[in-house]
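Novice: Chains as they are written, first to last, in our numbering: chain P, 1 to 476; chain L, 1001 to 1476. By construction, the Cβ of each residue, glycine as well, lies at the ideal position given by its N, Cα and C atoms. Since the model is a prediction, treat every value here as computed from it, not as a measurement.
2 protein chains.
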Amino acid sequence: MSRLLIIGGSDAGISAGLRARQLDPSSTVTLVLADNFPNYSICGLPFYLSGETPDWHNLAHRTRDDLESQGLALLPDHQAIRINPAGKSVDVVDRKGQRQKLQYDALIIGTGAQPITPPIPGLGAGGVFVLHTMEDSFRVHDYVVGRGARRALIIGGGYIGLEMADALTHRGLQVTLVEQANTVMTTVDASLGRLLGEELKQRGVDLVTGVAVEQVEPVEDALRVRGSKGFDQQADVVLVVVGVTPNTGLASEAGVSTGLKGAIRVSRRMETNLPDIFAAGDCVETWHRFLERPTYLPLGTTAHKQGRVAGGNALGDKAEFQGSLGTQVVKVFDLAVARTGLRDAEAKADGRFSPLTIETRAWDHKFYYPGAHELTVRVTGDTTSGRLLGAQIVGHRSAEVAKRIDIFAAALFHRMLVRNISDLDLSYTPPFSSPWDPIQTAAEAWVSEAQKKNGNAVEVDSATGKHPYVGHPPSP
Amino acid sequence: MSRLLIIGGSDAGISAGLRARQLDPSSTVTLVLADNFPNYSICGLPFYLSGETPDWHNLAHRTRDDLESQGLALLPDHQAIRINPAGKSVDVVDRKGQRQKLQYDALIIGTGAQPITPPIPGLGAGGVFVLHTMEDSFRVHDYVVGRGARRALIIGGGYIGLEMADALTHRGLQVTLVEQANTVMTTVDASLGRLLGEELKQRGVDLVTGVAVEQVEPVEDALRVRGSKGFDQQADVVLVVVGVTPNTGLASEAGVSTGLKGAIRVSRRMETNLPDIFAAGDCVETWHRFLERPTYLPLGTTAHKQGRVAGGNALGDKAEFQGSLGTQVVKVFDLAVARTGLRDAEAKADGRFSPLTIETRAWDHKFYYPGAHELTVRVTGDTTSGRLLGAQIVGHRSAEVAKRIDIFAAALFHRMLVRNISDLDLSYTPPFSSPWDPIQTAAEAWVSEAQKKNGNAVEVDSATGKHPYVGHPPSP
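1) I need the DSSP call for P/T117, collapsed to helix, strand or coil.
2) Among all the DSSP beta bridges, which residues are the ones paired with P/P218?
3) Can you name the residues that DSSP bridges to L/H1141?
4) P/L131 and P/L45 look like a contact to me (Cβ under 8 Å); what is the Cβ gap, rounded to whole Å?
5) Checking the sheet assignment: what are the DSSP bridge partners for L/V1329?
6) Do three or more CB pairs link the segment 1019-1028 of chain L to the segment 1116-1132 of chain L at distances below 8 Å?
7) Going along chain L in order, which residues have a C-beta closer than 9 Å to the C-beta of P/C43?
8) Between the C-alpha atoms of P/L477 and L/G1371, what's the straight-line distance to the nearest angstrom?
9) Give the straight-line distance between the Cα atoms of P/F47 and P/H141, rounded to the nearest whole angstrom.
10) Does the Cβ of P/V219 have 16 or more other Cβ atoms within 10 Å, making it buried, or fewer, making it exposed?
11) Between L/S1137 and chain P, is the shortest Cβ-Cβ distance under 9 Å, so that the two count as touching?
12) Could you name the residues of chain L that P/A372 contacts, counting a contact when the two beta carbons are closer than 9 Å?
13) In chain P, what lies closer than 7 Å to L/E1052 by C-beta?
14) Are the C-beta of P/V140 and some C-beta of chain L separated by less than 9 Å?
15) Verify whether the separation of the beta carbon atoms of P/A80 and P/V32 is less than 9 Å.
16) How about L/G1471: is its C-beta nearer than 9 Å to some C-beta of chain P?
17) Within 10 Å of its beta-carbon, does P/V267 have 16 or more other beta-carbons around it, so buried, or fewer, so exposed?
18) Once the 5 residues before and after P/Q215 are set aside, which same chain residues still bring their CB inside 7 Å of it?
19) Where do the ends of the alpha helix (DSSP H) carrying P/P438 lie?
20) Along the chain, where does the alpha helix (DSSP H) that runs through L/P1046 open and close?
21) Among P/D136, P/L356, P/I7, which one has its Cα closest to the Cα of P/V92?
22) Quick one: what's got a C-beta closer than 7 Å to L/G1255's C-beta in the same chain, skipping five residues either side?
23) Taking the beta strand (DSSP E) that L/T1030 falls in, what are its first and last residues?
24) For P/H365, count neighbouring Cβ atoms within 10 angstroms of its own Cβ and tell me buried if that reaches 16, exposed if not.
25) Here's a check: name, in chain order, each residue in its chain whose Cβ is nearer than 7 Å to the Cβ of L/R1150, leaving out the five neighbours to either side.
26) Using a beta-carbon distance below 9 Å, is P/E400 in contact with chain L?
27) The alpha helix (DSSP H) with P/L421 in it runs from where to where?
28) On the three-state DSSP scale, how would you describe L/H1467?
29) Could you compute how far the alpha carbon of L/K962 sits from the alpha carbon of L/H1414?
30) Whole angstroms is fine: what's the gap from P/V329's alpha carbon to L/I1405's?
31) Should P/I407 be flagged as near chain L, meaning a C-beta pair shorter than 9 Å?
32) Determine the contact status of P/I83 and P/E253, defining contact as a CB-CB distance below 9 Å.
33) Distance cutoff 9 Å, beta carbons only. Does P/K331 sit that close to anything in chain L?
34) Compare the C-beta of L/Q1322 with all C-beta atoms of chain P and state if any pair is closer than 9 Å.
35) Can you tell me whether P/Y296 is helix, strand or coil according to DSSP?
36) DSSP three-state call for P/L426: helix, strand or coil?
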């Protein structure tokens, strides 16, 4: 029997605990939770605030009963305040100030990330919120309802900012979104960010790009927000959603090594530098499958996978995290925007690639069948090796954008050549696709352009008559 | 300059011609078309007949002008009647009986398939139709409109039968569908066929399974259809859609070798046994990527790919067809049904596998976000090697079934282990998926069941501590 202690009850922590109990039902698994909302879907907060998910209880991936019936012991409303690696214990304190020391055989740190608060004067004012926890969302909800807020201003045009612009518009508020860059969603290329910007504007969002917010101040019953280029607007509620930073103070103090952006350094087995201490989720560096080096890519999907690996290994398994590709999708009103892998600039910055990015547009399914929508697909490949580096898609929410990016993600997982994407045997019927799927026509357009630029380098097989695809293991 | 002659103007022939012109704009490419509808989307016929695509001209993938502007010379309404391999020529005849001899340097046979007419007495009666060409669909359309048909009877519950049941119901006809097997769509497992059957019945289709039609006869203004188990029903129009057979008489007579189901034998370069004669599409044996042997799998997607390979190779390229996995999707009213790879019985029949199939159900996206639908996913894997063998999905048409099966198809393309499917970095946002996509929870359920049945055989890595996945080529 092994005592596993887990700090954190979100995606990584819960996945770790469930995996441990699955592998060894005799293990004791205790989770220290900072709040009272174990295993809640943080990604669902915008939909609670939009009113589309009116009962916040439904945001739980699993109920407390589910978790406990699988043998997880939960310590809600407990803060871990000190890890003692030498004594293999963790000091925790509850909300009443009661302390206790918990012994472990193995520890998993899943403390997640915390929202970044930029150095803008006035963000401490009432009516200014970050949005990261259930409690944050209750505060926003109560404030919006309690004050009868009509005007919301969102600082930050990343994916949470966009989701909240959608959500609060859905709720009936007038929304202003202020983004410092020239386009929203800077995790995708500007041409796609502009498509998202158009969608926001068409849905009545007052979109302000290229403006840095410089001050927030309470005025009468409202908040006055001022920024560069003379920006000056009032709102009833302000959301600050400019990203997250790993929550690793506790780990650092105990001697756990950190790296990129302060995230905990881990092996692919999710081991930290200290014996019997593992870490997973938004608090750790994430191994990038394609780059084969650590990055910081906090995503729920990754947290689940890493938690699972950590939970098994904490009990002696030897699993390895297979890496992230940064695959992501967001719904913004009627659009879906998705990406996987590297963009042009990211690939250039790495130094090992000669990237080329090609944008194509194609109908999601045969135009003659009703309901066709145009997809915009950007394919990034390495003109030297011919390998796929990444892809981005924007299209209607009904256009299977999410699972189309996943085909690219599966291709990247196997380091496919761009040209081989057209060899994939993808499904077709006129209501859902074309005989060549839009991702294949996009890949073909890339190959054609790469050949123009690079001559035979991409057609490495033309000399030997051999198809250059090398990722096909022997048959059973 | 090279003279390329292509017999057939559907998917394979047109793809071949376009590829040839792309590789060598000085080549002369002539297509012999049996009808006057080059490059029409045969898969779109049900949507023309349903009324969803009212103008049949829109069914053309490309217009004749598009094709001619890309340098394809079209000979519509010409029947190829003799291939002379020794003299490198083809005799053709037009609808007026005018003959001519066309010389070639390379020939591509893309004669496609023809509908099977089962040996049922009375199928020659007026009002009984097959459905394979544009002209077939005009005949059905004119008959239904001209006679004011109200009752349709469809013989055959394969994908065209199901699409036509959907289409004619959409058009306002009362539809009876008669299938000899106990479930429709016998290309998927019976549990999924039953889900489709339920959908048909809910939409008002009179579904008759387990009945073999034995006779059709004209009675007064209608057709009387009788079958086993006392089946006896009248209809105004009868469709016979029980599958296709490769159209290879012309090729055989010229000495081209045929194999499975009479389909033309080809190499992966789409070469026949005769010099400078290639073949592609529904008239050829199709190399199965996973089985690594020929099969007969007539599909439009495959015809496009094979045509492309043949068109290049006819001009001296050395491309290889990368193989089919039989990936397919069909919309049936509000359901989508899709498959890729092998089913349990198919894998058993091959003799090299110990297949296990597991069925799971999961929401297509987080249940708390509106519009969630349940997906039924069947995963087939080999319990000896742990490799994925195939997958089948049924779910709502809005549930991204088509592109979900394509992720499995991409996994099969790379011979993934079932357990590694959970390592794929797939996209997630509550409106489109869950942190573990339903295809991943299905894969996990399979792994769990396989372990129970087979002990450590699937966990081949537990001894070495090495992850068993071997399909990851070296990084660039």
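Specialist: This is what the structure holds:
1) Under the three-state reduction of DSSP, P/T117 is assigned to coil, being neither helix nor strand.
2) Per DSSP, P/L223.
3) Answer is none; L/H1141 lacks a bridge partner.
4) Rounded, the Cβ-Cβ distance is 6 Å, consistent with contact.
5) Partner(s): L/A1338.
6) Flag = no, the segment 1019-1028 of chain L and the segment 1116-1132 of chain L do not touch.
7) Neighbours of P/C43 on chain L, chain order: K1366, Y1428, T1429, P1430, P1435.
8) One cannot answer for residue 477 of chain P here, as it falls past the ends of chain P, which runs 1 to 476.
9) Answer to the nearest angstrom: the Cα atoms are 11 Å apart.
10) With fewer than 16 Cβ atoms within 10 Å of its Cβ, P/V219 is classed as exposed.
11) Against chain P, the CB of L/S1137 has no partner CB under 9 Å away; the residue lies outside that interface.
12) Using a Cβ-Cβ cut-off of 9 Å, P/A372 is close to nothing in chain L; its nearest Cβ partner there is about 11 Å away.
13) Simply Y369, P370.
14) No, its Cβ sits nowhere closer than 9 Å to a Cβ of chain L.
15) Cβ distance < 9 Å, so P/A80 and P/V32 count as in contact.
16) Confidence at L/G1471 is low in this model, with a pLDDT of 33, below 50, so the placement of that residue should be treated as unreliable; the coordinate-derived value is given next. By this cut-off, L/G1471 is an interface position.
17) Here residue 267 of chain P is Ser; the residue named in the question, Val, does not match the sequence. P/S267 comes out exposed.
18) Taken in chain order, the residues that qualify are I120, P121, G122, R226.
19) Per DSSP, P/P438 belongs to the alpha helix (DSSP H) from 438-454.
20) From DSSP, the alpha helix (DSSP H) with L/P1046 extends over 1045-1050.
21) The shortest C-alpha separation from P/V92 is found at P/I7.
22) Within the same chain, L/G1255 has close Cβ partners P1085, L1274.
23) From DSSP, the beta strand (DSSP E) with L/T1030 extends over 1028-1032.
24) Counting Cβ neighbours within 10 Å, P/H365 comes out buried, since at least 16 surround it.
25) Excluding residues within five positions, the ones whose Cβ falls inside 7 Å are L1173, Q1174, D1236.
26) Judged by the 9 Å Cβ criterion, P/E400 is in contact with chain L.
27) The sequence as given places Ile at residue 421 of chain P; Leu does not occur at that position. Annotation: P/I421 is outside any alpha helix (DSSP H) and is labelled neither H nor E by DSSP.
28) Bear in mind that the predicted position of L/H1467 carries a pLDDT of just 37, short of 50, making it unreliable; the figure below should be weighed with that in mind. Secondary structure at L/H1467: coil, using DSSP grouped into helix, strand and coil.
29) The shown model of chain L, from 1001 to 1476, leaves out residue 962 of chain L, and the question about it has no answer.
30) Each residue's alpha carbon lies about 18 Å from the other.
31) Chain L, which has a Cβ nearer than 9 Å to the Cβ of P/I407, makes this yes.
32) Against a cut-off of 9 Å, the Cβ pair of P/E253 and P/I83 comes out as a contact.
33) Yes, P/K331 lies at the interface with chain L (some Cβ there is under 9 Å from its Cβ).
34) Chain P has a Cβ within less than 9 Å of the Cβ of L/Q1322.
35) DSSP, read as helix, strand or coil, puts P/Y296 in coil.
36) P/L426 sits in coil when the DSSP states are folded into three classes, being neither helix nor strand.
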